[in-house]
Amino acid sequence: MFKKMKSALKNEKGLTLIELLAVVVILGIIAAIAVPSIGGLIDNTKKDAHVANATQMINSAKTYVAGNANSSKLDTQLTLKEMIEDGYIDTMEDPDGGNYNDTYSFVDIAKNGNSYTYKVTLSNGDAKRKITARTLEQLDRDTVGGGTP
8 MFKKMKSALK NEKGLTLIEL LAVVVILGII AAIAVPSIGG LIDNTKKDAH
58 VANATQMINS AKTYVAGNAN SSKLDTQLTL KEMIEDGYID TMEDPDGGNY
108 NDTYSFVDIA KNGNSYTYKV TLSNGDAKRK ITARTLEQLD RDTVGGGTP
């Protein structure tokens, strides 16, 4: 009977403590590599959302100019608040949380002969990310300033 118990204990298959420790270390290394990559991906996605919102503001300002050719606002500044009130754009959410400041977010409209230049400034009113005085052609992920919130 003792021989059977001894042989049964010898045939136990399982992981030793060192093997378990090696698995935990390997998983830790993988996590250390993956977490910063995911953080950067999320940050880039938020910047892309800011650029998309700025593009939407410029396009709304172009629609405003096309519909109000005789307006005095065509060689000045059109705020996000005015565009929302006139129905040219819906309220936009800031990807970093909350809404954009509808006074500090605006499109500068400058008439150059028969054409117009549009420069967007998009801000939530604090030191978080913002876009300052950029044309449609200048908008990209690198134009989003203010750093990580």
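Following the numbering used here, the numbering of the sequence shown begins with 8 at its first residue and continues without gaps.
Where a beta carbon is used, it is the ideal one built from N, C-alpha and C, also for glycine.
| Check | Outcome |
| --- | --- |
| beta-carbon Met90 near the ligand ZN non-hydrogen atom, thresh 7 Å | Ligands are entirely absent from the displayed structure, and the ligand ZN is therefore not among its contents. |
| Status (buried if at least 16 other CB within 10 Å, exposed otherwise) for Pro43 | exposed |
| Check whether Val127 and Ile36 have beta carbons under 8 Å apart | no |
| Beta-carbon proximity of Thr83 to Ile91, cut-off 8 Å | no |
| Through-space distance from Ile116 to Leu85, alpha-carbon basis | 7 Å |
| Cβ-Cβ distance between Thr142 and Thr124 below 8 Å | yes |
| Val32, buried or exposed, once every other Cβ within 10 Å from all chains shown has been counted against 16 | exposed |
| Opening and closing residue of the beta strand (DSSP E) in which Tyr111 lies | It is not in any beta strand (DSSP E) - Tyr111 carries neither H nor E in the DSSP assignment. |
| Buried or exposed by the 16-neighbour rule on C-beta atoms within 10 Å, applied to Asn121 | exposed |
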